[in-house]
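Asks: Protein sequences appear in the order of chains A and B.
Take the first sequence: its letters are residues 12 to 123, numbered as in the working numbering.
Take the second sequence: its letters are residues -9 to 105, numbered as in the working numbering.
From the three backbone atoms N, C-alpha and C, an ideal C-beta is built for every residue, glycine too.
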Amino acid sequence: KNQVEQSPQSLIILEGKNCTLQCNYTVSPFSNLRWYKQDTGRGPVSLTIMTFSENTKSNGRYTATLDADTKQSSLHITASQLSDSASYICVVRDSNDYKLSFGAGTTVTVRA
Amino acid sequence: NAGVTQTPKFQVLKTGQSMTLQCAQDMNHNSMYWYRQDPGMGLRLIYYSASEGTTDKGEVPNGYNVSRLNKREFSLRLESAAPSQTSVYFCASSEVPAFQGTEAFFGQGTRLTVV
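(1) Any C-beta of chain A sitting closer than 8 Å to the C-beta of Phe96 (chain B)?
(2) Just to make sure I have the definition right: I need the residues of chain A whose C-beta is within less than 7 Å of the C-beta of Gly30 (chain B). Which are they?
(3) Using the three-state DSSP reduction, which class does Asp95 (chain A) fall into: helix, strand or coil?
(4) Per DSSP, what are the beta-bridge partners of Arg45 (chain A) in this structure?
(5) Cβ closer than 7 Å: which chain B residues qualify as neighbours of Ser57 (chain A)?
(6) To which residues does DSSP link His87 (chain A) through a beta bridge?
(7) Please tell me whether Met146 (chain A) and Asn35 (chain A) are closer than 8 Å, where the distance is taken between their beta carbons.
(8) Going by DSSP, what residue range makes up the beta strand (DSSP E) through Glu65 (chain A)?
(9) Using beta-carbon positions only, say whether Val50 (chain B) and Arg34 (chain B) come within less than 8 Å of one another.
(10) Got a sec: which bits of the segment 28 to 55 of chain A sit with their beta carbon under 9 Å from any beta carbon on chain E, in order along the chain?
(11) Give the DSSP-derived three-state secondary structure of Phe98 (chain B) in the structure shown.
(12) When you compare each of A:Arg104, A:Ile100, A:Asp105, A:Gly114 to Gln49 (chain A) by their alpha carbons, which one comes out closest?
(13) So the candidates are B:Met9, B:Thr(-5), B:Gln(-4); which of them puts its Cα closest to the Cα of Tyr54 (chain B)?
(14) Nearest chain A C-beta to Leu11 (chain B) closer than 8 Å, yes or no?
(15) Measuring only between beta-carbons, confirm whether Val15 (chain A) sits less than 8 Å from chain B.
(16) Identify, in the order they occur along the chain, each residue of the same chain with its Cβ nearer than 7 Å to the Cβ of Val121 (chain A), setting aside the five sequence neighbours on each side.
(17) What is the DSSP secondary structure of Ser111 (chain B), counted as helix, strand or coil?
(18) Less than 8 Å between the C-beta atoms of Lys82 (chain A) and Ala75 (chain A), yes or no?
(19) Run through chain A and tell me which residues come within less than 7 Å of Phe80 (chain B), C-beta to C-beta.
(20) Closer than 6 Å by C-beta to Pro85 (chain B): which residues in its own chain qualify, once you throw out the five before and the five after it? Chain order, please.
(21) Hey, is Gly99 (chain B)'s beta-carbon within less than 8 Å of any beta-carbon in chain A?
(22) Put Ser77 (chain B) into one of helix, strand or coil per three-state DSSP.
Here is the structure:
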């Protein structure tokens, strides 16, 4: 069964600090991986997509990495802001199935 | 820019009651989806409609039915609500089926409590 595991489950950081979220997956054959940001009471919004051939991709202060060999991805948030407080969800798609595999998310709380 | 609109935002049902969750998108997307989100778990696909006129079961379809009313609207019906269906429900849409790699756009969610 395809699985997506995210860590940590939650974290608290001070405004201005950096943090890194992890996503490990067993989805095979791998097609792509998306990171979504979900604000409280809202639906998820895509931050970035990583395909097999991409190692690093940035979207503003968000930088995603992918190691397809070890089946790991990370999302790095630089110089955190209060608005970064949200749940970050890793979603992996395989090449065969209709189904996307969602991680349970990492809840980030940024404090002033 | 409305995007994906879900109604209602909150609902409390008694066990055995029925209700329909409504979803509409204004992005001219072909594909639409219903997910549920439970604490500590990733979103799980209930049903999807790859294109107007088609619907298919997802990962957790039991206890639900759907209707793709037209290209814009995709409704989810609970015929006889059970406490296990307490969850947050998200409707989403994408230009082509999300399993082809396109981004899915989500609504704000419906928080349903079954007592």
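Replies: Looking at the atomic coordinates:
(1) Cβ-Cβ to chain A under 8 Å: yes for Phe96 (chain B).
(2) Within 7 Å Cβ-Cβ: Ala115.
(3) Asp95 (chain A) falls in the helix class under three-state DSSP.
(4) Paired residues: A:Ile60, A:Val102.
(5) Below the 7 Å Cβ cutoff, chain B contributes Glu93 as neighbours of Ser57 (chain A), in chain order.
(6) Paired residues: A:Thr31, A:Thr74.
(7) Residue 146 (chain A) falls outside the range modelled here, since chain A spans only 12 to 123, and no answer is possible.
(8) Boundaries for Glu65 (chain A): no beta strand (DSSP E) harbours it, and the DSSP string shows neither H nor E there.
(9) Against a cut-off of 8 Å, the Cβ pair of Arg34 (chain B) and Val50 (chain B) comes out as a contact.
(10) Given the protein chain composition of this structure (A and B), no chain E is represented.
(11) Sequence check: residue 98 (chain B) is Gln here, not Phe. The answer is coil: DSSP assigns Gln98 (chain B) none of H, G, I, E or B.
(12) Selected option, being the one with the closest Cα: A:Ile100.
(13) Measuring from the Cα of Tyr54 (chain B), the nearest candidate turns out to be B:Met9.
(14) Cβ-Cβ to chain A under 8 Å: no for Leu11 (chain B).
(15) Val15 (chain A) counts as touching chain B.
(16) Closer than 7 Å at the Cβ level, and outside the excluded window around Val121 (chain A), lie Ile24, Glu26, Ser91, Gln92, Leu93, Asp95, Ser96.
(17) What the structure shows of chain B is the stretch from -9 to 105, and residue 111 (chain B) is not part of that stretch, so it cannot be assessed.
(18) Going by C-beta atoms, Lys82 (chain A) is not nearer than 8 Å to Ala75 (chain A).
(19) Under the 7 Å cutoff, chain A gives Gly54.
(20) For clarity, residue 85 (chain B) is Glu in the given sequence; the question names Pro instead. For Glu85 (chain B), where only same-chain residues beyond five positions count, the Cβ hits under 6 Å are His19, Thr92.
(21) Among the residues facing chain A, Gly99 (chain B) is included, as its CB has a counterpart in that chain under 8 Å away.
(22) Strand at Ser77 (chain B).
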